[in-house]
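Take a look at the structure below.
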Amino acid sequence: MQAAQRQNGNLYTCGPTVYDEAHIGNLRSYIFADILRRTLEYNGCKVRWAMNITDVDDKTIKRTVDEFGSRATPKELRAYTGRFIAKFKNDLREVNVPTDPKHITFIRVSDKINAIRGFIKKLIKLGYAYKSTDGVYFSIQNYQKKFGDYGALVGKDFLRGKKTGARVRVDDYEKENLSDFALWKGRDRSDGKIFWRDAELGDGRPGWHIECSVMNYEAFGGEPTDIHTGGVDLIFPHHTNEIAQSQPIYKPFVRYWVHGEHLLVNGRKMAKRENNFYALDHFRRITPHAGLAFRYVALQTNYGTQMNFSADMGNDLRAISRLNAAASENKTLASKRVESAFRAALYNNLNTAKALSVVSKVRDSRMNIGPLLDLLGLKKAIKSPPIPAKIRELVRKRERSRKNKQFTQADLLRKEIEGLGYIVEDTPKGPRTHPKNHAAKEKRHA
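In structure tokens:
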């Protein structure tokens, strides 16, 4: 980043489409964006972070009509999507991504319909968009005549052998389908009464891609977006079309694009038909502090690498507990050498796995790792449920047996404790007892 952007940076993240709850792959993307924000701020940058919430698109409208019927209007659309917005923000808080206005601005598409219409009208006036019988479309051909870089985000050879000119109305489509895409979709009977009246554009509603162009513009007052984040699945067509729509209005649109890779579950892409589609709710039922545990899991893989997820997070939660316990017990500030190694890891393309390794290696020293944990978003008091008196007594008996070198007896007591649902962990500061995690059992029956 240039010196000016290092002092004041505009960060934009493609947010959720709120037709359903967010899955853990979505949450991984938002965790990495939050790490980016924290790292920039740690380096002295004042960050303005904005995230759109797509509450107007093909999927949200279909789900709303499914629930309310053909009488559904924008009011019902906001009511339907509002449920998932509230749930999404709660999920963010659980993975320790802040949702308060001090840290992030959420922009709901349905609040910016007028701005979207104005943006489309500018594109028509400039010759980059045209009206059709079923809406308004963006002209890739006209864009290419002026800019010549459509698809550059995908790769320099993206356009080779492809012809432009056809139109596509749906929001999402494959790379092979290089078509003029919808900016404004004319009113359709399948949308119920979810539309907005406009004398120039006709009754209708915005297409998906134009929404993020306008949200960027609105978030930063027409200033360039310094860093734009999102998943790799958004590179085409969404981010490709964002660039094309925005550059005729203002350039540069985005200075740096940063894309997070897919999350796999046991080596396979998440899909409901594969029975491996997980939302955070699944883990709340079986793992205390599931959100924080998932954040820890996510940080163990670089954002630009596919992450293979296993549903057992019990060990990860215990690791966080140990780190936070060390942070509260140790008072001496981390040495410059440790802090330098930690900083170098984050500055190397957000190498959170290496940063975690640096912190874990000094966990049992006298150093206070609290500030470093805070930067990773892992510094949080974790209250475990009280250990029953019977378990505490068995732990004391086991400890006496160990001190008396009665190791066979100590091992039998450990097994008895485990049979009652608890694990004893021996540390230099004495035994620590944790409830036994049942996530692995739940996973087998998922």
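Residue numbers for the sequence shown follow the working numbering, beginning at -6 and rising by one. Note that CB positions come from ideal geometry on N, CA and C, so glycine has one too.
For residue 112, the enclosing alpha helix (DSSP H) has its first and last residue at 106 to 119.
Here residue 348 carries a helix assignment [DSSP, helix/strand/coil]. 77 is the residue among 39, 77 and 104 whose C-alpha sits nearest the C-alpha of residue 57. Excluding five sequence positions before and after residue 45, the CB atoms of its chain that fall closer than 7 Å to its own CB belong to 7, 8, 100, 102, 204, 205 and 208, given in chain order. Under the three-state reduction of DSSP output, residue 26 falls in the helix class. If you draw a straight line from the Cα of residue 250 to the Cα of residue 343, it is about 14 Å long. In the displayed model, residue 356 falls within coil according to three-state DSSP, outside both helix and strand.
In this structure, the alpha-carbon of residue 94 lies about 15 Å from that of residue 79. Per DSSP, residue 272 lies in no alpha helix (DSSP H) and is assigned neither H nor E. Residue 392 and residue 283 have their C-alpha atoms some 31 Å from each other.
The C-alpha of residue 216 lies about 18 Å from the C-alpha of residue 232.
Residue 337 counts as exposed, since fewer than 16 other beta carbons sit within 10 angstroms of its beta carbon.
When rounded, the separation of the alpha-carbon atoms in residue 388 and residue -1 is 53 Å.
Scanning its chain for C-beta atoms nearer than 7 Å, with the 5 sequence neighbours on each side dropped, one finds around residue 19 the residues 9, in chain order. Straight-line measurement puts the Cα of residue 16 at about 13 Å from the Cα of residue 291. Around the beta carbon of residue 234, 16 or more other beta carbons sit within 10 angstroms, so the residue counts as buried. DSSP lists 253 as the beta-bridge partner residues of residue 224.
Of 11, 131 and 413, the smallest CA-CA separation from residue 72 is found for 11.
Only residues of its own chain outside the window of five on either side were considered, and among them 224 and 253 have a CB closer than 6 Å to the CB of residue 22, listed in chain order. For residue 245, the number of other beta carbons within 10 angstroms of its own is below 16, and it is reported as exposed.
Under the three-state reduction of DSSP, residue 423 is assigned to strand.
Per DSSP, residue 382 lies in no beta strand (DSSP E); the unbroken alpha helix (DSSP H) holding it starts and ends at 382 to 396. Under DSSP, residue 78 takes part in no beta bridge, so it has no partner. Taking 4 residues as the shortest admissible run, the region 44 to 74 contains the following complete alpha helix (DSSP H) segments, listed from N- to C-terminal end: 51 to 61.
With respect to residue 198, residue 189 sits close: the two C-beta atoms are nearer than 7 Å. Excluding residues up to 5 positions away in sequence, 267 and 269 lie with their Cβ nearer than 8 Å to the Cβ of residue 261 in the same chain. Collapsing the DSSP output to three states places residue 230 in a helix. Relative to residue 288, the option among 370, 386 and 410 whose CA is nearest is 370. In the same chain as residue 132, and ignoring 5 residues on each side of it, the C-beta atoms closer than 7 Å to its own belong to 121, 122, 123 and 173, in chain order. Nearest to residue 83 by alpha-carbon distance, out of 272, 364, 397 and 361, is 272. Contact check for residue 184 and residue 54: beta-carbon distance about 5 Å, within the 8 Å limit, so the pair qualifies. By the CB criterion at 7 Å, residue 115 and residue 24 fall outside the cutoff.
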